[in-house]
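**Student:**
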Amino acid sequence: MPTAASRRRLAAVVAAGILGVLASGVVPALAGPYDDEIAAARSGIADHRATIADGHARIAALEDRLVDLDRQVGEAEGRIGMEDHELALLPVRIELLADRFIEVLASQDEPTTLQQTMAVDAYVRNDERINDVLTQSAQLTEDGLANVRDRMLYDSVIEEAQRRIELVRAELRLTAEAVTGLRSLVDDAEARRRSELASQSEIEGARPAVHAEIEEVRRLIATAEAGIVDLEAEILRFERMAVTRTWTGVQGEDVGRPALAVKIDNVTRAHPQSGVNQADVVYEELVEGGVTRLVAVFQSTSAAEVGPVRSARTSDPPLLEGFDRPLFAYSGANRGTRDALRQSPLTDAGYSAHEPDYWRDRSRRPPHNLYTGTDRLWAHHADRTAVPPAPFLHRYPGQDLHPAAEEASGVSIDFGLTEIDYDWDGTGWARTHNGTAHVDADGVRIAPANVVVQFIRYGRSAADLRSPEAITEGSGEAWLFTDGHVVRGRWDRPDPARPATFTADGTEVRLSVGTTWVALAKQGTAEIRD
Numbered sequence: 115m116p117t118a119a120s121r122r123r124l125a126a127v128v129a130a131g132i133l134g135v136l137a138s139g140v141v142p143a144l145a146g147p148y149d150d151e152i153a154a155a156r157s158g159i160a161d162h163r164a165t166i167a168d169g170h171a172r173i174a175a176l177e178d179r180l181v182d183l184d185r186q187v188g189e190a191e192g193r194i195g196m197e198d199h200e201l202a203l204l205p206v207r208i209e210l211l212a213d214r215f216i217e218v219l220a221s222q223d224e225p226t227t228l229q230q231t232m233a234v235d236a237y238v239r240n241d242e243r244i245n246d247v248l249t250q251s252a253q254l255t256e257d258g259l260a261n262v263r264d265r266m267l268y269d270s271v272i273e274e275a276q277r278r279i280e281l282v283r284a285e286l287r288l289t290a291e292a293v294t295g296l297r298s299l300v301d302d303a304e305a306r307r308r309s310e311l312a313s314q315s316e317i318e319g320a321r322p323a324v325h326a327e328i329e330e331v332r333r334l335i336a337t338a339e340a341g342i343v344d345l346e347a348e349i350l351r352f353e354r355m356a357v358t359r360t361w362t363g364v365q366g367e368d369v370g371r372p373a374l375a376v377k378i379d380n381v382t383r384a385h386p387q388s389g390v391n392q393a394d395v396v397y398e399e400l401v402e403g404g405v406t407r408l409v410a411v412f413q414s415t416s417a418a419e420v421g422p423v424r425s426a427r428t429s430d431p432p433l434l435e436g437f438d439r440p441l442f443a444y445s446g447a448n449r450g451t452r453d454a455l456r457q458s459p460l461t462d463a464g465y466s467a468h469e470p471d472y473w474r475d476r477s478r479r480p481p482h483n484l485y486t487g488t489d490r491l492w493a494h495h496a497d498r499t500a501v502p503p504a505p506f507l508h509r510y511p512g513q514d515l516h517p518a519a520e521e522a523s524g525v526s527i528d529f530g531l532t533e534i535d536y537d538w539d540g541t542g543w544a545r546t547h548n549g550t551a552h553v554d555a556d557g558v559r560i561a562p563a564n565v566v567v568q569f570i571r572y573g574r575s576a577a578d579l580r581s582p583e584a585i586t587e588g589s590g591e592a593w594l595f596t597d598g599h600v601v602r603g604r605w606d607r608p609d610p611a612r613p614a615t616f617t618a619d620g621t622e623v624r625l626s627v628g629t630t631w632v633a634l635a636k637q638g639t640a641e642i643r644d
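Offset between the sequence shown (1-based) and our numbering: plus 114.
1) Output needed for Gln-568: all residues of its chain with C-beta closer than 6 angstroms, excluding positions within five of it in sequence on either side, in chain order.
2) Could you please give the first and the last residue of the uninterrupted beta strand (DSSP E) stretch that includes Asp-430?
3) Under 7 angstroms Cβ to Cβ from Thr-499, same chain only, skipping five residues before and after it: list those, please.
4) Excluding the five sequence neighbours on either side, which residues of its own chain have a C-beta within less than 6 angstroms of the C-beta of Leu-579, listed in chain order?
5) From the DSSP secondary-structure annotation, give me the bridge partner or partners of Thr-415.
6) Given Pro-432, which residues of its chain have a CB within under 7 angstroms of its CB, disregarding the five upstream and five downstream residues?
7) Measure the C-alpha to C-alpha separation of Thr-360 and Lys-636 and round it to an integer number of angstroms.
8) Using 8 angstroms as the Cβ pair cut-off and three pairs as the minimum, do the segment 484 to 501 and the segment 342 to 351 touch?
9) Take Ala-576 as the anchor and find which of Arg-427, Ala-640 and Arg-163 has the nearest alpha-carbon.
10) Quick one: any contact between the segment 525 to 544 and the segment 387 to 396, if contact means 3 or more CB pairs under 8 angstroms?
11) For Ala-519, does the three-state DSSP call read helix, strand or coil?
12) Would you give the residue range spanned by the alpha helix (DSSP H) that Thr-362 belongs to?
13) Straight-line CA distance for Arg-607 to Gly-549?
14) Between the segment 280 to 287 and the segment 176 to 194, can you find at least three pairs of beta-carbon atoms closer than 8 angstroms?
15) Label Glu-274 either buried or exposed according to how many other C-beta atoms from any shown protein chain fall within 10 Å of its C-beta, with 16 as the threshold for buried.
16) Along the chain, where does the alpha helix (DSSP H) that runs through Thr-451 open and close?
17) Tell me which residue opens and which closes the beta strand (DSSP E) that Leu-491 is part of.
18) In whole angstroms, what separates the C-alpha of Phe-437 from that of Phe-412?
19) Please indicate yes or no: does the CB of Glu-285 lie closer than 6 angstroms to some heavy atom of the ligand SAH?
20) If you follow the beta strand (DSSP E) that Val-565 is part of, which residue opens it and which one closes it?
21) DSSP three-state call for Ser-270: helix, strand or coil?
22) Please state if the CB of Ala-544 and the CB of Leu-561 are separated by a distance shorter than 7 angstroms.
23) Which partner residues of Phe-506 appear in the DSSP bridge assignment?
24) Can you name, in chain order, every residue of its own chain whose Cβ lies under 8 angstroms from the Cβ of Gly-450, other than the five neighbours on each side?
25) Starting from the C-beta of Asn-448, find all residues in its chain whose C-beta is less than 7 angstroms away, skip the five residues before and the five after it, and write them out in chain order.
26) Under a three-way DSSP split, which group does Thr-255 fall into?
27) Taking 7 angstroms as the cut-off, decide whether the C-beta atoms of Ala-584 and Glu-399 are in contact.
28) Check whether the segment 508 to 525 touches the segment 596 to 604, counting contact only when three or more Cβ pairs, one atom from each stretch, lie closer than 8 angstroms.
29) For His-508 versus Gly-363, is the C-beta distance shorter than 7 angstroms?
30) Using only the alpha-carbon positions, how far apart do Glu-318 and Val-324 sit?
31) For Glu-327, which residues from the same chain have a beta carbon less than 7 angstroms from its beta carbon, with the 5 sequence-adjacent residues on both sides left out?
32) Under a three-way DSSP split, which group does Phe-616 fall into?
33) Identify whether Val-420 lies in helix, strand or coil by the three-state DSSP scheme.
34) Check whether the segment 619 to 629 touches the segment 459 to 476, counting contact only when three or more Cβ pairs, one atom from each stretch, lie closer than 8 angstroms.
Below, the structure is given as structure tokens:
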């Protein structure tokens, strides 16, 4: 199981958005399974950020608008104050003008006195015009002199009085016009004041709308910010989902340790076996007499008990050396096989090398009772933290099957004395061994997510001519069963230091997430069931 340190590493990887945990430096980096979804989420975040930026710009403009409205309100209040001042002064001016009008009007009420005063004044002041009249009157006869003189004086006084009266009346008219003008000024001032009040009211009325718009924009910004949080959480979820284990495609962080292959007995007397359902990949290979043995390979998961453990064959080193010096657990071998193991890049983790890490189940008859545990053997190689190359690629959730996939209900493989059937049960390929449902020591049916029939040739082992040796280098036909379908393809392994690749129509075949069982079968010994 992942340690606390490994979980922290996973969190760091996810937080940084690094999907390269699928590539450990020994396998090619792959495109992430949720690149499109993550790209769409990031595009949504960019849109939300644009909305937020636009919202802040709109708020700034609206706040400027409020400042402008405040300025306009202040100016309107100033103009209203000026009109109020003018309206306060105009009544005083009207009252003073009215007093003047009354004075002028009163002066017209005493014309006789005015006429006499004006005549006397003219005589006393030796008015030239009056003197001309008096000179002319001296030439008249004495009898008419008095009448003429009186008449001329009267007319002169009346004429002057009339002129004065006209002046008074003109002044009255001007005063009346001034009063009318002042009244007009009052009306204009009041109209302007009403207009300024209406303008002020309109400006004041615009402010709530601006405030409301600011609040609406702020709500939009808050929604966008919440959307960013949601999308970032979505990206984090996708990135976490994209972090999968190289050997099975199961979600989680790769465990940095070597592959561990355990040779397991597979005759009927050895059933039920332990740990076979926990292995990432299980190879089934032909041995003497038409029976098979299993090579259970562990990397991403552990098993406390694995077995029964049996002896190695010369088929094993070539099969396993592509997994970067894997640990190999077995319970003995003949001299030729031991030599082959020593010359191979495999790391000896067998019974002879780590006897304390093996035990026998006294309730079972030997030689079908030797067991070991994966963590016991890994503990001797804690310094090895690289993830070895995996034998298969896996589909991501939602990824389509290979275009060459055909529906299939199962497959039968005939190894001779061992006949194997796999039947699709909707979630896995339920295994049957010689007509009996194959279950593990916990009573769980063996039903791997994938089954691969890899057609190979078998030669004779140099260590024992009675023992067949699997030829797993080169190329050949392969049937890959996954998700209720089969893909008819081929396997190629030109470099023994690398695992085989599986392709169909030139494209690598990806399997379902989960464990895989591989039947190393001879050509013509398997049959697909539709």
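All C-beta atoms, glycine included, are put in the ideal place defined by N, C-alpha and C.
The model shown is predicted, which means the values in this text are computed figures rather than measured ones.
**Tutor:** Reading it off the structure:
1) Ala-592, Trp-605, Val-632 and Leu-634
2) Where Asp-430 is concerned, there is no enclosing beta strand (DSSP E), although the alpha helix (DSSP H) it sits in stretches over 430 to 434.
3) Gly-370 and Arg-371
4) none
5) Note: Thr-415 sits in no beta bridge, so no partner.
6) Thr-586, Glu-587 and Pro-610
7) 29 angstroms
8) no
9) Arg-427
10) no
11) coil
12) Note, Thr-362: premise wrong, no alpha helix (DSSP H); not H, not E.
13) 33 angstroms
14) no
15) buried
16) 449 to 457
17) Segment 488 to 492 is the alpha helix (DSSP H) holding Leu-491; no beta strand (DSSP E) there.
18) 11 angstroms
19) Among the components of this structure there are no ligands whatsoever, and the ligand SAH is therefore not found.
20) 564 to 575
21) helix
22) Here residue 561 is Ala; the residue named in the question, Leu, does not match the sequence. Their beta carbons are under 7 angstroms apart, which means Ala-561 touches Ala-544 by this criterion.
23) In DSSP, Phe-506 forms no bridge with anything.
24) Thr-428, Ser-575, Ala-576, Ala-577 and Asp-578
25) Ala-577 and Asp-578
26) Residue confidence for Thr-255 is low, a pLDDT of 49 falling below 50, so the modelled location carries little weight and cannot support an answer.
27) yes
28) yes
29) yes
30) 10 angstroms
31) Leu-176
32) strand
33) strand
34) no
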